[in-house]
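Okay, so here's the structure we're looking at.
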Amino acid sequence: MPASRIAVSDVPEQLREGLRRLQEKLELPLEFPQAVLSEADVSAELPVEGHVDKTSIEFVTIDPASSMDLDQAVQIERDGDGYLVRYAISDVAHFVRTGTALEAETHVRGLTKYAPSARIPLHPKVLSEDAASILDDTLPRPAMLWELRLDAAGEVRDVALTRALVKSYAKLNYDDVQASIDAGNPHPSIALLPEVGKLREQIEIKRGGISLNLPEQEIVAKNGTWELEFRTLVPVENWNAQISLMTGFAAAQTMIEGKVGILRTLPPAEQWSIDKLRRSARTLGVDWPKGMSYPDFVRSLSPDDPAELAVLTKCTMLFRGAGYLAFDGELPEGNLQHSALAAPYAHTTAPLRRLVDRYVLVICHSLLNGLPIPEWATAGLESLPQEMADAGRSANAYERGVVDLTEAMVLASRVGEIFEGVITDVNPKTGVGTVQIADPAVELRVTAKQKEVGTEVRVRIEKVDVVGGVVTVARPN
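Numbered according to our numbering, the sequence shown spans residues 6 to 482.
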């Protein structure tokens, strides 16, 4: 029988029926067909050929503590007056071969869909959490090794990509890495991460890139149940993200120069939408100095201030329209950039969790080494944008639905209670506002007026449907 990838026993009992209905509604593939599992078992044992031995390099991974699907490992050292950043990415193409049931299944799934104890992976566990994952178990793993040489200012001056055997010497997590950096004793392999990360942040500012400093709503599994919390990123997460972004820029530039590949694009914000945001900021009492650019204004906002949190939320409206742009033989007309990053960009650092990255890695490896691009990689380009769009919608709906279920479970015993929160947004068509509450960390829907955006309000829990993931609230008199 096919093996489920979801350990239902680890899901809180109150949520199991609601989760089942959500998965059924979204028609999610909860099990891998037996043929796929069998092929994955075989591919996990395939001999590794043609990979350069780089196992002496002390790579480390930096991920959430519970993660087992580890796509990336990093090592940074000085290179003259600059830096050498080595970024090893799981060589998933070594395991997923063309024409197999395993390959076909990755196209059905497109993306890993996340939820505690209810993750729906892109690849079977024998690959995603074992043979293809860069674990610190002393075993070599096949990888696509990016080597990015930077100058003293952090600008990329040379790029190489080779197939290599690598080993992870430590499985690190963000909080512990941040603590070690703050204490002055980071792991030697990433001792330069703050230095390089800060340089790349400055380059991002000069380039006009934007990162929204919005708190992330996360589900945390604790003591047999799920809880919610809002958390802001620790600095090391931003520095680590800069390494990933830099690699994505290098991949995009490689494919643009080679006139074949697939980019992650985002159209630029239109002037009317920026003008509307400026008016909204003024209405909320948030100062946007004349002459200050949109990126600089966004960076000046703090989510700790209710009005500024509301403006940050409104900024997400300018980030709509992201997609994938594939090309082969000539560059398409129109926008090639990801406007929030202010540069051409490609997904290339998460092939265990995202289908498109496997294609980008193989295409870039061929282009950078003067090799013919495998036929499967170019043949699949045309359908990839739609496949990834469909997978993205499904993943977003699943992850949002799981959060809704968790919010309902958290509030089920609190019907009648009154909470204070901030109205971060109001839909002008429906008059439904979003209220962000800090404790418990939930976002609720309530009738509100546009003029209330950015203000603190009180809401009462009227009714909770845990199975449906619906919380009904009202404004107390």
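Think of the CB as a built atom: it goes at the ideal place given N, C-alpha and C, for glycine as much as any other residue.
- Around the beta carbon of Asp163, a 10 Å sphere encloses fewer than 16 other beta carbons of the protein chains shown; the residue is thus reported as exposed.
- In the same chain as Val131, and ignoring 5 residues on each side of it, the C-beta atoms closer than 7 Å to its own belong to Ala45, Asp46, Ala49, in chain order.
- Closest by C-alpha distance to Leu373, out of Thr259, Val458, Gly397, is Thr259.
- Note on the segment 339-399: there is no whole beta strand (DSSP E) run with a minimum of 3 residues.
- Between Asp310 and the set Ile195, Leu219, Ser71, the nearest pair of CA atoms involves Leu219.
- When secondary structure is reduced to three states using DSSP, Tyr119 falls in the coil class, being assigned neither helix nor strand.
- The Cβ-Cβ distance between Ile428 and Pro481 does not fall below 8 Å.
- If you check the CB distance, Gly23 and Leu410 come in under 8 Å.
- Per DSSP, the unbroken alpha helix (DSSP H) holding Trp244 starts and ends at 240-263.
- Judged by their CB atoms, Tyr179 and Glu242 are nearer to each other than the 8 Å cut-off.
- Three or more beta-carbon pairs drawn from the segment 188-198 and the segment 72-91 are found closer than 8 Å, and the two stretches are therefore classed as touching.
- Buried is the label assigned to Ser95, since at least 16 other Cβ atoms lie within 10 Å of its Cβ.
- The DSSP-derived three-state label of Trp277 is helix.
- Just so you know, the alpha carbons of Pro300 and Val171 end up roughly 38 Å apart.
- DSSP, read as helix, strand or coil, puts Val53 in coil.
- Put simply, of Ala120, Met73, Gly385 the residue whose alpha carbon is nearest the alpha carbon of Leu27 is Ala120.
- A direct Cα-Cα distance of roughly 44 Å separates Trp381 from Gly229.
- C-alpha of Gln441 to C-alpha of Gly426: approximately 5 Å in a straight line.
- For Leu204 and Gln19, the gap between their C-alpha atoms comes out near 47 Å.
- Of the residues Pro445, Lys456, Val420, the one whose Cα lies closest to the Cα of Val437 is Lys456.
- Contact between Arg168 and Gly55 is confirmed by a C-beta separation of about 6 Å, below the 8 Å threshold.
- Inclusion of Arg465 and Val478 in the CB contact set at 8 Å is warranted, their separation being smaller than that value.
- Of Val408, Asn432, Met251, the smallest CA-CA separation from Thr318 is found for Asn432.
- Remark: fewer than three beta-carbon pairs, one from each stretch, lie closer than 8 Å, so the segment 29-40 and the segment 139-156 are not flagged as touching.
- For Met149, the secondary structure class from DSSP, reduced to helix, strand or coil, is strand.
- With 16 or more other Cβ atoms inside 10 Å of its own Cβ, Val471 counts as buried.
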